[in-house]
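Here's the structure, in structure tokens; my notes come after.
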Amino acid sequence: MRKKEFFGFMFVLIGFLLTLALFSYSSTGPDDWSLRIGVEKKDGQYRDSYNFIGISKNASLYYDAKDKLEPPTSPSGLSLYFPHYDWGVNSGKYASDKRPRFVYKETYEFVVEAGEYTQLKLFWQDIEDVPENYQFTLVDEEREIFIDMRKIKDYTFDCRPGYKNRFRVIVTG
Amino acid sequence: MRNLTKTGIISLALIFFFCMPYVALAGNKLVILTYPSEVNAGEWTTFYTVQRQDDNGNPVTEGRTKVFPSSTSYGDRKEFSPIQSFPPPLPPGGGGFSITIREGKSSVDFYYYDEKAGNWTITFSADGVDNDSKNLRVNRAEAEIISKLSGDNQSSNIGTNLPDFLAVKVTDRFGNGINGIDVHWSITETPYGAVGQILSTQTVVSDSEGKAGTMLTLGDKSGNYKIQASSSSLSYSPVTFNTFANSGKAHNISMLSGGCQSGFMNTVLTEPFVVKVTDEFGNSVRGVTVSWSIAESPTGAVWQELSDASSSTDSDGEAYATLTLGDKVGLYKVEATCCDVKGLSVAFTVTTDRLVSFKGGNYNMFSIPYLFNNRNPEAVLNALGPYNPAKWRLFRLSRSGEYQEYPNIPDFSPGMGYWLISAEDIEITLEGEAVYSDITLILEPGWNQIGCPFTCSVSWNDIKNMNPGLFASNAVADVLWGYDDERLEFAMRDAVDPWQSYYVYNSSGSSINLIIPNK
Chain A
1 MRKKEFFGFM FVLIGFLLTL ALFSYSSTGP DDWSLRIGVE KKDGQYRDSY
51 NFIGISKNAS LYYDAKDKLE PPTSPSGLSL YFPHYDWGVN SGKYASDKRP
101 RFVYKETYEF VVEAGEYTQL KLFWQDIEDV PENYQFTLVD EEREIFIDMR
151 KIKDYTFDCR PGYKNRFRVI VTG
Chain B
174 MRNLTKTGII SLALIFFFCM PYVALAGNKL VILTYPSEVN AGEWTTFYTV
224 QRQDDNGNPV TEGRTKVFPS STSYGDRKEF SPIQSFPPPL PPGGGGFSIT
274 IREGKSSVDF YYYDEKAGNW TITFSADGVD NDSKNLRVNR AEAEIISKLS
324 GDNQSSNIGT NLPDFLAVKV TDRFGNGING IDVHWSITET PYGAVGQILS
374 TQTVVSDSEG KAGTMLTLGD KSGNYKIQAS SSSLSYSPVT FNTFANSGKA
424 HNISMLSGGC QSGFMNTVLT EPFVVKVTDE FGNSVRGVTV SWSIAESPTG
474 AVWQELSDAS SSTDSDGEAY ATLTLGDKVG LYKVEATCCD VKGLSVAFTV
524 TTDRLVSFKG GNYNMFSIPY LFNNRNPEAV LNALGPYNPA KWRLFRLSRS
574 GEYQEYPNIP DFSPGMGYWL ISAEDIEITL EGEAVYSDIT LILEPGWNQI
624 GCPFTCSVSW NDIKNMNPGL FASNAVADVL WGYDDERLEF AMRDAVDPWQ
674 SYYVYNSSGS SINLIIPNK
């Protein structure tokens, strides 16, 4: 009877450890990845494509050296940036937003300033290089549109000149 | 016949008469009766008495015996004499001297003189009789002279040992080595700024041969190193050695001049490109072959040509080449490499751009690296015609972070950046004066639009190195945003290039000065 109890306990313990290991692997993946997101005028003229989201083992949830400031908007007014007005003395617009590893979900918010244009295209590059266990959903908050970024590689939308369009990228892993 | 026989008999009788005293009456051996055991170098001995004796040891007084004295000393200045003459009759000395023990005498006296210290054997000999020998010790005189023995005029590479010892010899006045004398070594002259030179020993006691040596490790600068050996109260002290340190292997190539030039198409630049090749300690390296090449030129440009495909560094480590510009305006980059070592190269930037072009319909981010008498944008860009927002507009980022538009913007100045958009493609020829000194830019809090103030590139690293405090404190963010004219978007850059404009961020909250070095 004692022997049966012992083997039963060991079976449950091993199962628990295996489940924990699998969960850990599938939820965190590699320590570093990044995804480039850009915006351009529909005809391809003028763009802002130097923008990155991602995770890095050395990154923090707040400002760190991996977060690069977004340059001022060009006179054309077209710009994509990650707003972080809650970072104290480092508050501002950023061209990259790197965060530490997360367990289940992370949301990256960004703004597209339309400048003098009325139709813009969002695009993202090299999503294939990001581990497959991560899923990306682009959310157009104003238009309430959800896009599976692994299946669709760009998104064109109409906007008003000078308008600030807000988007989110929800990453699950 | 009879006369001949008679003459022969008389001759034989005469020979017998003269020779018999030397042979038959000379006794059977020579014996040294009196002798010295030692003498100081350079002094006469007391006398030697040499006697001829028969087999029974009795003195022999009959006849004549020619006695030949000799010494095993290898000194050049030695002498036998029947008297103590001073100075002795030198040279040649010592060789071939003889003295005769005359009829009626059994002995003769000799004196000996030698300047060579050592233990020698003095022998007296005569024909047909037994010799006799005695040992004599010739003592050294007092230490008197220090002289250079070996190691002078050596050379080796910097930071290495000379191949041979530096050595002196301490002697008495006759050249006999004297042991036990302290010799002090010192480095008395080095190339400016040299460090690392060292002597293996600074005080050396002379050995049994009077030798005292030390080893020199050369310092880190090429040139002359003088070493002195001294010993108090010795004549000719100190003794000076000259040595030379050669530069090491080529380790670095750097631009000396010529890197920030502009000129007209199809002309030879007024200044040559000059590079300097140095070793790891900064010493000039001569005789190194520097290869020259045109690394970049405007699209379609022809006729650009360098004066030399390769040139050799001179005694100052410098090599030269000149460039004839091609037939297109734009940037020409010349690269100098050397020594087959990867990374040993330097690039010169040259521009023919006194002509600036703007693509119509596009926002162009630019700067102008010239000083003008009239810096008003409308005067400088007069080819655009009078200001007309329908034809061209000029912007600049203001302190508030908003764009201000001409005419409400500052006049052109090297180091300031601007935006221009024109209705049509425009090419403007500019006549101004280039800037050759460092430029200090005032950065206001927040983003600043700057320009390259020179007609050559300056790396972001050079700017950071010139302003270490600003970057160490993060007063200036370590990010340089430029504008890609082809893709029409911002891009991160690692250098400021002529005619281009950039954004830099001042996060200090107050105005700061940023120095742009002219390399």
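From first to last, the protein sequence lines stand for chains A and B. Reminder that position 67 of the first sequence reads as 67 in the numbering used here, one-by-one numbering, no gaps. Take any residue in the second sequence, note its place counting from 1, add 173, and you have its number in the numbering used here. Yeah, the Cβ is synthetic: ideal placement off N, Cα and C, and Gly gets one too. Every value quoted in this text rests on a predicted model; they were computed, and no experiment measured them.
If you draw a 10 Å sphere on the C-beta of A:Ala65, you find fewer than 16 other C-beta atoms in it, and that means exposed. B:Lys251 places its beta carbon less than 7 Å from that of B:Asp287. Taking 7 Å as the cut-off, the beta carbon of A:Leu80 is found closer than this to the beta carbon of A:Val39. The closest CA to that of B:Arg660, considering only A:Gly44, A:Arg143, A:Pro71 and A:Arg36, is found on A:Gly44. A:Asp129 and B:Ala556 have their C-alpha atoms spaced approximately 50 Å apart. When 9 Å is used as the limit between beta carbons, B:Glu662 is near these residues of chain A: Gly38, Glu40, Tyr46, Arg47, Asp48, Ser49, Tyr50, Ser74 and Leu78, in chain order. Boundaries of the alpha helix (DSSP H) harbouring B:Asn638: Trp633 to Met639, taken from the DSSP string.
Counted as a single uninterrupted DSSP element, the stretch harbouring B:Glu508 is not any alpha helix (DSSP H) but the beta strand (DSSP E) occupying residues Leu504 to Cys511. Around the CB of B:Phe437, fewer than 16 other CB atoms lie within 10 Å, so the residue is classed as exposed. Residue nearest to A:Lys98 within the set A:Arg160, A:Lys153, A:Asp31 and A:Tyr85 is A:Asp31 (criterion: CA-CA distance).
Listed along chain A is no residue with a C-beta nearer than 8 Å to that of B:Met639; the closest approach is about 21 Å. Flagged as an interface residue toward chain B: A:Lys68, by a C-beta distance shorter than 7 Å. Residue environment for B:Gln673: buried (at least 16 other C-beta atoms within 10 angstroms of its C-beta). Using a CB distance cut-off of 7 Å, B:Val553 does not count as an interface residue toward chain A. With the criterion set as a beta carbon lying under 7 Å from some beta carbon of chain A, the segment 623 to 648 of chain B has no members that meet it. Around the C-beta of B:Trp476, fewer than 16 other C-beta atoms lie within 10 Å, and the residue is accordingly described as exposed.
DSSP places B:Ala552 within a helical segment (H, G or I) once states are collapsed to three. Neighbours of B:Phe568 in chain A, taken as residues at a C-beta separation under 7 Å, are given in chain order as Pro75. Inter-segment contact for the segment 438 to 446 of chain B and the segment 488 to 500 of chain B is present: three or more beta-carbon pairs are separated by less than 8 Å. The segment 609 to 621 of chain B makes contact with the segment 676 to 683 of chain B: 3 or more CB pairs, one atom from each, lie closer than 8 Å.
Look at A:Val89 here: in three-state DSSP terms it is helix.
Taken in chain order, the members of the segment 566 to 592 of chain B whose beta-carbon sits within less than 7 Å of a beta-carbon on chain A are Phe568, Leu570, Gly574, Tyr576 and Trp592. Spatial neighbours of B:Pro336 in its own chain (CB-CB distance under 7 Å, excluding positions within 5 residues in sequence) are listed in chain order as Gln327 and Ser329.
Assigned with DSSP and collapsed to three states, B:Phe437 falls in coil, not helix or strand. The segment 301 to 314 of chain B makes no contact with the segment 271 to 283 of chain B: fewer than 3 CB pairs, one atom from each, lie closer than 8 Å. For A:Ile127, the three-state secondary structure derived from DSSP is helix.
Rounded to whole angstroms, the Cβ separation of B:Ala385 and B:Val412 is 10 Å, and the two are not in contact under 8 Å. Taking each of B:Thr294, B:Gln401, B:Arg572 and B:Val368 in turn and checking the Cα distance to B:Gly324, the smallest one comes out for B:Gln401. Neighbours of A:Pro71 in chain B, taken as residues whose beta carbon is under 8 Å from its own, are Trp620, Trp654, Phe663 and Tyr676 in chain order.
Between the segment 504 to 523 of chain B and the segment 538 to 551 of chain B there are fewer than three inter-stretch CB-CB distances shorter than 8 Å, so the stretches are not counted as touching. When Cβ-Cβ separations below 7 Å define contact, B:Ala650 makes contact with chain A. As for any beta strand (DSSP E) of minimum length 3 sitting wholly inside the segment 254 to 328 of chain B, the runs are 272 to 274, 280 to 287, 291 to 298, 305 to 312 and 318 to 323, ordered along the chain.
Within the segment 577 to 662 of chain B, the beta strand (DSSP E) runs of at least 3 residues that lie entirely inside it are, in chain order, 590 to 595, 599 to 602, 612 to 616, 619 to 624 and 654 to 657. The beta carbon of B:Pro587 sits closer than 8 Å to those of Ser540, Ile541, Pro542, Tyr543, Leu544, Val608, Ile612, Gly624, Pro626 and Phe627, all from its chain and outside the five residues before and after it, given in chain order. The beta carbon of B:Asn334 lies closer than 8 Å to those of Met388, Leu389, Thr390 and Leu391 in the same chain, with the five residues before and after it left out. Judged by DSSP secondary structure, B:His424 falls outside any beta strand (DSSP E); it is assigned neither H nor E.
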